[in-house]
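Residue numbers (the working numbering), protein chains in the order written: chain S, 1 to 162; chain X, 1 to 162. Ideal Cβ positions, reconstructed from N, Cα and C, are used throughout, including at glycine. What follows is a short report on a single structure.
2 protein chains.
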Amino acid sequence: MATMSSVGQSHLLSPLELRAWRGMLRAHAVLAKALDAQLEEAHNLQLSSYEVLMYLADAEHERMRMCDLASSILLSRSGLTRLVDRLAREGLIERVACDADARGQFAKLTPAGREKLAAARITHLAGVRALFLERFTPEELEMLGGAWDRVIDGAGYSCCKT
Amino acid sequence: MATMSSVGQSHLLSPLELRAWRGMLRAHAVLAKALDAQLEEAHNLQLSSYEVLMYLADAEHERMRMCDLASSILLSRSGLTRLVDRLAREGLIERVACDADARGQFAKLTPAGREKLAAARITHLAGVRALFLERFTPEELEMLGGAWDRVIDGAGYSCCKT
DNA sequence: GTCGTATCGTTGTGCGTGCAACCAGCATGT
DNA sequence: ACATGCTGGTTGCACGCACAACGATACGAC
Numbered sequence: 001m002a003t004m005s006s007v008g009q010s011h012l013l014s015p016l017e018l019r020a021w022r023g024m025l026r027a028h029a030v031l032a033k034a035l036d037a038q039l040e041e042a043h044n045l046q047l048s049s050y051e052v053l054m055y056l057a058d059a060e061h062e063r064m065r066m067c068d069l070a071s072s073i074l075l076s077r078s079g080l081t082r083l084v085d086r087l088a089r090e091g092l093i094e095r096v097a098c099d100a101d102a103r104g105q106f107a108k109l110t111p112a113g114r115e116k117l118a119a120a121r122i123t124h125l126a127g128v129r130a131l132f133l134e135r136f137t138p139e140e141l142e143m144l145g146g147a148w149d150r151v152i153d154g155a156g157y158s159c160c161k162t
Numbered sequence: 001m002a003t004m005s006s007v008g009q010s011h012l013l014s015p016l017e018l019r020a021w022r023g024m025l026r027a028h029a030v031l032a033k034a035l036d037a038q039l040e041e042a043h044n045l046q047l048s049s050y051e052v053l054m055y056l057a058d059a060e061h062e063r064m065r066m067c068d069l070a071s072s073i074l075l076s077r078s079g080l081t082r083l084v085d086r087l088a089r090e091g092l093i094e095r096v097a098c099d100a101d102a103r104g105q106f107a108k109l110t111p112a113g114r115e116k117l118a119a120a121r122i123t124h125l126a127g128v129r130a131l132f133l134e135r136f137t138p139e140e141l142e143m144l145g146g147a148w149d150r151v152i153d154g155a156g157y158s159c160c161k162t
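Shown next as structure tokens:
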């Protein structure tokens, strides 16, 4: 009778594991939603757009190849094409041909984009601090950083490439 | 001249903070993709579908109200309606009217769904262990569990409720 | 030079999701 | 009993994304 509905408990997660795992899923979901809403509210900017601007700002000459940008922000090439379309339409970035490779395109920050980012960055980083970073001690952050690296290249990283 | 392109560093994240924060974003993305692919590969089941089956299996009588289920798996009500549609079409769950409240619907696990989950659970939990849990020590997991709680209810949790 | 293969970016298409609107049914007050 | 407001689930619609196919260009072998 005990074999009815919940056999196979042998592989289930312990409460400890469950808290750590599901906690991460929920925390990520909640954070992403909160930060995105915050950014949209304050600057009418989506999180994905913010990421593009940020990577561009931190790149040499404020420009990056579509390809590299796509893998930086974990988006498919086609997804990036459209995202760049939208941002270009808003005048925040522009496309620049690549002279070294005629197939290539650069996405390049415009002055408007630079300003937009400067403003958004303040909001966003404040949010990240308030909602995430402040919940950890420096030691914990240190630990996290290392653990993420283990997780990331443990998971094959087989995604991306394209 | 130093005022050219990257002023306002004052609010930027320290390398420590950056590693912890971006690491989480990437880790989550990589994990989600890997686990989803794995589940789809092995059992032709999406992660969101798996979550539904799992919550149902763990619920009393293997059934839950649409509403509760939606907030459990962090999905909008409309999103859940369609997800349940798909799962019902595959015969893994069924809709059952609620006698206490004529508006209500239960999503209920079918025998086929129960079997599907039993198989998928093994795969999925093995994946979670291998890709995530094993990268942390028990102490670290303990710390994480607590931290996630702080993060989650710090972030307002203003999402959900539909 | 030319051919075959790989890579870059774009486009067509389908899918999953959220939001808003909607209807049916509950709950409360009078 | 009836009116009002609220809740649960579904539907129309728009959006963002991935996948596959495509044209253009690069790179290498011959």
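The C-alpha of Arg-65(X) lies about 6 Å from the C-alpha of Gln-105(X). Ala-155(S) sits close to Val-30(X), with the two beta carbons spaced by under 8 Å.
Pro-138(S) has a beta carbon lying within less than 8 Å of a beta carbon in chain X. About 26 Å separates the CB atoms of His-61(S) and Thr-123(S); that is not less than 8 Å, and the two are not in contact. Think of a sphere of 9 Å around the beta carbon of Glu-142(S): the chain X residues whose beta carbon falls inside it are Leu-16, Arg-19 and Ala-20, in chain order. Exclusion of the five residues before and after Val-84(S) leaves Ala-107 as the residues of its chain whose Cβ lies within less than 6 Å of its Cβ. Comparing alpha-carbon positions, the option among Gly-113(S), Val-96(S), Glu-51(S) and Glu-17(S) lying closest to Ala-32(S) turns out to be Glu-51(S). Straight-line measurement puts the Cα of Gly-91(X) at about 45 Å from the Cα of Phe-136(S). Between Asp-149(X) and chain S, the shortest Cβ-Cβ separation is below 8 Å.
Just so you know, the alpha carbons of Ala-88(X) and Arg-129(X) end up roughly 30 Å apart. Residue contact check for Ile-93(S) against chain X: no CB pair falls below 8 Å. Contact of Met-24(S) with chain X is assigned, a C-beta pair being separated by under 8 Å. Counting only residues of its own chain and dropping the five nearest sequence neighbours on each side, Leu-144(S) has a CB closer than 8 Å to the CB of Phe-136. Annotation for Leu-39(S): Leu-45, Gln-46, Leu-47, Tyr-50, Ala-120, Thr-123, His-124 and Gly-127 place their beta carbon closer than 8 Å to its own, counting only its chain and skipping 5 residues before and after. Within 8 Å of the CB of Arg-135(X), the CB atoms of chain S belong to Ala-147, Arg-150, Val-151 and Gly-154, in sequence order along the chain. Taking the CA atoms as reference points, Leu-75(X) sits about 19 Å from Leu-109(X). With a contact defined as Cβ atoms closer than 8 Å, Arg-77(X) and Cys-67(X) qualify at about 7 Å. Think of a sphere of 9 Å around the beta carbon of Val-128(S): the chain X residues whose beta carbon falls inside it are Leu-13, Glu-17 and Trp-21, in chain order. Around the C-beta of Leu-133(S), 16 or more other C-beta atoms lie within 10 Å, and the residue is accordingly described as buried. The beta carbon of Cys-98(X) lies closer than 8 Å to those of Arg-65, Gly-104, Gln-105 and Phe-106 in the same chain, with the five residues before and after it left out.
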